[in-house]
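Comments concern the structure below.
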Amino acid sequence: MHTDAASGSLVRAGYLFHYIFCTLPWVNRLLSGWREEAGCCGENELRRQALASIAGKDFHCQGGAFFAVANPTAETNLVPLIVAYQTLCDYLDNLCDRGSCLDGAAFRQLHLSLLDALNPNTTRRDYYRFYPYRDDGGYVDKLVGECRRHLSQLPSYHLVQRDIIDLANLYIDLQVKKHIDWEAREKTLIDWARGSLSWNAGLEWNEFAAAAGSTLALFALLELASHPDARPAQAAAVLDAYFPWICGLHILLDYCIDQQEDREGGDLNFTFYYPNRDYMIERLRTFIQQAHQRAAALPRPGFAKTVVEGLLAMYFTDKKVAQQGLNEMAAELLSESGRGAHYTYNICRWVRKVI
Numbered sequence: 001m002h003t004d005a006a007s008g009s010l011v012r013a014g015y016l017f018h019y020i021f022c023t024l025p026w027v028n029r030l031l032s033g034w035r036e037e038a039g040c041c042g043e044n045e046l047r048r049q050a051l052a053s054i055a056g057k058d059f060h061c062q063g064g065a066f067f068a069v070a071n072p073t074a075e076t077n078l079v080p081l082i083v084a085y086q087t088l089c090d091y092l093d094n095l096c097d098r099g100s101c102l103d104g105a106a107f108r109q110l111h112l113s114l115l116d117a118l119n120p121n122t123t124r125r126d127y128y129r130f131y132p133y134r135d136d137g138g139y140v141d142k143l144v145g146e147c148r149r150h151l152s153q154l155p156s157y158h159l160v161q162r163d164i165i166d167l168a169n170l171y172i173d174l175q176v177k178k179h180i181d182w183e184a185r186e187k188t189l190i191d192w193a194r195g196s197l198s199w200n201a202g203l204e205w206n207e208f209a210a211a212a213g214s215t216l217a218l219f220a221l222l223e224l225a226s227h228p229d230a231r232p233a234q235a236a237a238v239l240d241a242y243f244p245w246i247c248g249l250h251i252l253l254d255y256c257i258d259q260q261e262d263r264e265g266g267d268l269n270f271t272f273y274y275p276n277r278d279y280m281i282e283r284l285r286t287f288i289q290q291a292h293q294r295a296a297a298l299p300r301p302g303f304a305k306t307v308v309e310g311l312l313a314m315y316f317t318d319k320k321v322a323q324q325g326l327n328e329m330a331a332e333l334l335s336e337s338g339r340g341a342h343y344t345y346n347i348c349r350w351v352r353k354v355i
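Each residue of the sequence shown is one higher than the last, beginning at 1 in our numbering.
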């Protein structure tokens, strides 16, 4: 057992070393290229939101690109694909969240670009049809084209495409409902999420909604699709581990450390629907336990374990944790995840200081 644990630690250390010194610099170079493209948007508002989404949410691409580390032979397709798709997600989020438009039809039309990015053979649509601004200098089309180009190089994409489209549709449903007028927003979200709980026993509506907002399951399936020998049972196991458990943990942690600013800004936060902090911690413990348990059944369990530990490390090394008095909660949840989480936490603290 001791030898197995040491071997597992070495494997995880290898993932992290490659990610920090090879993958992250590559992601930053790709984002620099997309920043140049964003600067070519014709409309001032679109250009402003495109640039702001890269400046403020670059860590989404940095985190998502970790999935490419699991298959170094396919990184040349996975890294640009994940960066392009996540950049598109973040840009669309800004258009819905930061602009003056509250039209659900406009939001859904914009998000058709995500479906087109994942369907290489479909005809592209007019994404700005109902949005007040239109001239993006071809920015969205370029992101969609980049995704399609790299998807076509994944040998087993046909195996996971249906699940990926289902995940993308859940994400789109959430984004549309989350950004409509505040008076209708909460009820619409609750009705939608509760209607989906019949096949997600044990979840609360806010937890399902949170899981729908994560792109991690989609990236995990793309990584699986990069293997020519991928099998349907593996795709089912990936989906079982990531949705809702790893995805839910991802977004709940994100909302958890944003509580203060969301409270001050009057923004929707899915952790506000827990009756108290103790119950929130209990639910997060459940997500950690389920994530680790189901990750053990995956083709590369050590990688999935590193993903879970990495989520905890990334969010709990954020300065907002100490500012909100969440250090004790962070320590409890790191301990729930095991020794590896503390190891990854310490590495993440170092990375935040030097990168």
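Ideal placement from N, C-alpha and C gives every residue a C-beta, glycine not left out.
For clarity, every value in this text was computed on a predicted model and none was experimentally measured.
The shortest CA-to-CA distance from G56 to any of R98, T73, C40 and F21 is the one to R98. By the C-beta criterion, the segment 114–127 is judged not to be in contact with the segment 39–56, since fewer than 3 inter-stretch pairs fall below 8 Å. Here the alpha carbon of H18 sits roughly 12 Å from the alpha carbon of F67.
Note on K353: under 16 other CB atoms within 10 angstroms of its CB, so exposed under the neighbour-count rule.
Distance from the CA atom of D126 to the CA atom of D254, rounded to whole angstroms, is 32 Å. Short of 8 Å from the beta carbon of W34, and not among the five residues preceding or following it, lie these beta carbons of its own chain, in chain order: I54, V83, A84, T87 and L143. Distance from C41 to G137 at the Cβ level is roughly 5 Å; contact confirmed, criterion being Cβ atoms closer than 8 Å. Annotation note: the segment 193–249 contains the following uninterrupted alpha helix (DSSP H) runs of length 4 or greater, listed N- to C-terminal: 205–212, 216–225 and 232–241. In this structure, A74 and S226 form a Cβ contact; the two beta carbons are roughly 4 Å apart against a cut-off of 8 Å. By the neighbour-count criterion, in which a residue is buried when 16 or more other Cβ atoms sit within 10 angstroms of its Cβ, W205 is buried. Within the same chain, Y133 and D136 come within 6 Å of L46 by CB-CB distance, once the 5 residues on both sides are set aside.
In the DSSP assignment, E43 falls outside any alpha helix (DSSP H), carrying neither H nor E. Between N71 and E309 a beta carbon distance of about 19 Å is seen, past the 8 Å cut, so the two are scored as non-contacting. Closest option to A237, judged by alpha-carbon separation, among G338, C348, S214 and P299: P299.
Counting along the chain, V351 sits inside the alpha helix (DSSP H) bounded by residues R339 to V354. CA-to-CA, the gap between Q49 and E43 works out to about 10 Å. An exposed status is given to Q289, since fewer than 16 other beta-carbon atoms sit within 10 Å of its beta-carbon. DSSP places R12 in the helix class (H, G or I) of the three-state scheme. DSSP places A84 within a helical segment (H, G or I) once states are collapsed to three.
Excluding the 5 residues flanking it on each side, C101 has same chain C-beta neighbours closer than 7 Å at Y131 and P132, in chain order. Where T306 is concerned, the enclosing alpha helix (DSSP H) starts and stops at P301 to F316. By the C-beta criterion, the segment 250–266 is judged to be in contact with the segment 316–326, since at least 3 inter-stretch pairs fall below 8 Å. Under the three-state reduction of DSSP, I180 is assigned to coil, being neither helix nor strand. DSSP places G104 within a helical segment (H, G or I) once states are collapsed to three.
Y274: not part of any alpha helix (DSSP H); DSSP gives it neither H nor E. For the pair G63 and R129, the Cα-to-Cα distance works out to about 32 Å. Here V11 really is in contact with G302; their C-beta atoms are around 5 Å apart, less than 8 Å.
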